[in-house]
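Number of protein chains: 2
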Amino acid sequence: MSPIQFVSLGPGEAELITLKGLKALQNADCIFCPETPVRDGHSLSRAADIMLRLDIPTNRIRRFSLPMSKQRTDALNAYDQVYAAALSLHHAGKKVAIVAEGDAGFYSSVHYIYEKLQAAGIPVEQIAGIPAFIAAGARGGLHIASQEERLTVIPGITTAEEIERLIQSQNTVVIMKLSQCTDEVHRCIRLHPEYDYRYFENVGTPQEKYISDGQQLETLRFPYFSLLIIRHNGF
Amino acid sequence: MSPIQFVSLGPGEAELITLKGLKALQNADCIFCPETPVRDGHSLSRAADIMLRLDIPTNRIRRFSLPMSKQRTDALNAYDQVYAAALSLHHAGKKVAIVAEGDAGFYSSVHYIYEKLQAAGIPVEQIAGIPAFIAAGARGGLHIASQEERLTVIPGITTAEEIERLIQSQNTVVIMKLSQCTDEVHRCIRLHPEYDYRYFENVGTPQEKYISDGQQLETLRFPYFSLLIIRHNGF
Chain W
1 MSPIQFVSLG
11 PGEAELITLK
21 GLKALQNADC
31 IFCPETPVRD
41 GHSLSRAADI
51 MLRLDIPTNR
61 IRRFSLPMSK
71 QRTDALNAYD
81 QVYAAALSLH
91 HAGKKVAIVA
101 EGDAGFYSSV
111 HYIYEKLQAA
121 GIPVEQIAGI
131 PAFIAAGARG
141 GLHIASQEER
151 LTVIPGITTA
161 EEIERLIQSQ
171 NTVVIMKLSQ
181 CTDEVHRCIR
191 LHPEYDYRYF
201 ENVGTPQEKY
211 ISDGQQLETL
221 RFPYFSLLII
231 RHNGF
Chain Z
1 MSPIQFVSLG
11 PGEAELITLK
21 GLKALQNADC
31 IFCPETPVRD
41 GHSLSRAADI
51 MLRLDIPTNR
61 IRRFSLPMSK
71 QRTDALNAYD
81 QVYAAALSLH
91 HAGKKVAIVA
101 EGDAGFYSSV
111 HYIYEKLQAA
121 GIPVEQIAGI
131 PAFIAAGARG
141 GLHIASQEER
151 LTVIPGITTA
161 EEIERLIQSQ
171 NTVVIMKLSQ
181 CTDEVHRCIR
191 LHPEYDYRYF
201 ENVGTPQEKY
211 ISDGQQLETL
221 RFPYFSLLII
231 RHNGF
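The listed protein sequences correspond, in order, to chains W and Z. Note that the first sequence covers residues 1 to 235 in the UniProt record's numbering. Note that the second sequence covers residues 1 to 235 in the UniProt record's numbering.
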């Protein structure tokens, strides 16, 4: 029986999916795809947008609502329902895929379903995808890290002093979920205007924003899904 | 005029190239591709192997020798020649691509050519690829980093105590170029057999090696191109 496949879609630009991921989607009988409820009863799904642009038939896509609340239990309940539905299709001999933006094994809450299936002895497969910070680096033409440099990825909680310490010890710093540390990032830019700051939102989509001017960033309010790459200019 | 494209090939499994990268290769008139001299006058090129499996016509591929010596100047000389050849083809109106394994902006020495072209005012484009550690995570079915966890990537030089400090402060640690820190990694495994160690070589190729048993790793000699993902088991 085919394994249940966890297919990484990449960061948003449809053609940044891998050939392997695309083939898995084209062969799947049923594809579970998260959407996020927004105002007025509508919902958004960047994952569904990517698949639309890849000509994946809509009738094979089963969208499920993934609440964005801070209560992780709400998301886990949604995932438990996907788990049960995926399992039953798998037992009926169907080829099942579950998609994730970016890479399905890198800050991807859907991995919860992977682990639950694996614990139940169901065959699972994970197909790698481009993480957002890699796409951002390519967009900015950056050498994210080179030679002896290190990379530290921080999901949202940090201080200006910590960033300073990391940069001074030859780290490139990638900060995600910037809305969680806006004040500290602003403070870091004021303390160290000489660092190289590259800010990204929605890389590779029509909503893309790319700012490399630290002064402009000093007053910017960051949304949750945004990303900053900080490097020492003198590396 | 088309930009000179830096096409990331991904970590070794041909189908882990992105759709965008594949299209760029299919449209290129000339593709510069590194090879490494080995014994008996032969040379190896994993990049050429990937393109062969993707049915890229061999007569459009121009291989260049990239010495693996510790003298960075030897590599830079090779890159200077590629720079000159690429530039002259570009001026002749040809579509030029330069390939890199993994991601062309993540520990990729070929970025030197990108920067030199950019400094000369030549249009360049970087196409993202899957880094080896992301493919390794997918191969092992790992959640490399989740929620508040951090990621630190270390290219070869570290100590057992540093790994310990990082793991204890909720970092996932990825170590590349393991041959440079074999003794310290062995010492870390003896000090902390409770950590989760996942070792990878040549992920996605016929030479793939994947070991998740710390005891087995404790005596293994690591080649230069190898990768270890260390996590706290109790995360």
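Where is the CB? At the ideal position from N, CA and C, for every residue including glycine. Bear in mind that the values here come from a model prediction, so they are computed numbers and not experimental data.
**OP:** Please report the Cβ distance between cysteine 181/Z and isoleucine 157/Z, rounded to the nearest whole angstrom; I am assuming they are in contact, meaning their Cβ atoms lie under 8 Å.
**Re:** The C-beta separation of cysteine 181/Z from isoleucine 157/Z comes to about 6 Å, placing the pair in contact by the 8 Å criterion.
**OP:** With threonine 172/W as the anchor, note down where its beta strand (DSSP E) starts and where it stops.
**Re:** Residues 171-176.
Original post:
How about the stretch 22-29 of chain W and the stretch 23-41 of chain Z: do they share at least three Cβ pairs that are nearer than 8 Å?
Top reply: With a cut-off of 8 Å, the stretch 23-41 of chain Z and the stretch 22-29 of chain W do not count as touching, because too few Cβ pairs lie within range.
Original post:
If we cut at 7 Å on Cβ distances, does glycine 12/Z have a partner in chain W?
Top reply: Chain W, which has no Cβ nearer than 7 Å to the Cβ of glycine 12/Z, makes this no.
Original post:
chain W beta carbons: is any one of them nearer than 7 Å to that of threonine 159/Z?
Top reply: Taking 7 Å as the CB threshold, threonine 159/Z stays off the interface with chain W.
**OP:** Could you pull out every residue in the same chain whose Cβ sits closer than 7 Å to the Cβ of serine 8/Z, ignoring the five residues on either side in sequence?
**Re:** Its chain contains Gly21, Ala100, Gly102, Asp103, Ala104, Ile127, Ala128, Gly129 as the residues whose beta carbon lies nearer than 7 Å to that of serine 8/Z, once the 5 sequence neighbours on both sides are disregarded; these appear in chain order.
Subject >> Simplified DSSP state of leucine 151/W, which is helix, strand or coil >> reply: Shown here, leucine 151/W sits in a strand according to DSSP, grouped into three states.
**OP:** Take the Cβ of alanine 119/W as the centre, count every other Cβ of all protein chains shown within 10 Å, and call the residue buried at 16 or more, exposed below.
**Re:** By the 10 Å Cβ count, alanine 119/W comes out exposed.
Original post:
By the 10 Å Cβ neighbour count, where 16 or more other Cβ atoms means buried, how is leucine 191/W classified, buried or exposed?
Top reply: Under this definition leucine 191/W is an exposed residue.
Original post:
Distance, Cα to Cα, tyrosine 107/Z vs histidine 143/W?
Top reply: Rounded to whole angstroms, the separation of the alpha carbons of histidine 143/W and tyrosine 107/Z is 7 Å.
Original post:
Got a sec: is the Cβ-Cβ distance from lysine 20/Z to anything in chain W below 7 Å?
Top reply: For lysine 20/Z, the answer is yes, since a Cβ of chain W falls inside 7 Å of its Cβ.
Original post:
Buried or exposed: where does tyrosine 114/Z fall if 16 or more other Cβ atoms within 10 Å of its Cβ makes it buried?
Top reply: Tyrosine 114/Z should be labelled buried.
Subject >> Proximal residues to arginine 53/Z (C-beta, below 6 Å), its chain only, five neighbours per side dropped >> reply: So the list reads Ala14, once near-sequence residues are dropped.
Original post:
Using 7 Å as the limit for Cβ to Cβ distance, is valine 153/W near chain Z?
Top reply: By this cut-off, valine 153/W is an interface position.
Subject >> Residues that tyrosine 107/Z contacts on chain W, provided the C-beta gap is smaller than 7 Å >> reply: Ala145, Ser146, listed in chain order.
Subject >> Simplified DSSP assignment, three categories, for alanine 86/Z >> reply: In the structure shown, alanine 86/Z sits in a helix (DSSP, three-state: H, G or I).
**OP:** Return the CA-CA distance between glutamate 149/W and proline 57/W, expressed in angstroms with no decimal places.
**Re:** Rounded to whole angstroms, glutamate 149/W to proline 57/W spans 44 Å at the Cα level.
Subject >> Given phenylalanine 133/Z as reference, the closest of Gly10/Z, Phe6/Z, Ile4/Z once Cα atoms are compared >> reply: Shortest Cα-Cα distance from phenylalanine 133/Z to any of Gly10/Z, Phe6/Z, Ile4/Z involves Gly10/Z.
**OP:** Below 7 Å CB to CB, which residues in the same chain sit around alanine 48/Z once its five sequence neighbours on both sides are set aside?
**Re:** Same-chain partners within the cutoff: Cys33, Glu35, Ile61, Arg63.
Original post:
Can leucine 151/W and valine 96/Z be called in contact, C-beta distance under 7 Å?
Top reply: No; because the gap between Cβ atoms is not below 7 Å, this pair is not in contact.
Original post:
Using Cβ-Cβ distances below 8 Å, what residues of the stretch 201-224 of chain W are close to chain Z?
Top reply: Going along the stretch 201-224 of chain W in chain order, one finds no residue with a Cβ nearer than 8 Å to chain Z.
Original post:
Per DSSP, what kind of secondary structure is threonine 36/W in: helix, strand or coil?
Top reply: In the three-state reduction of the DSSP assignment, threonine 36/W falls in the strand class, which pools E and B.
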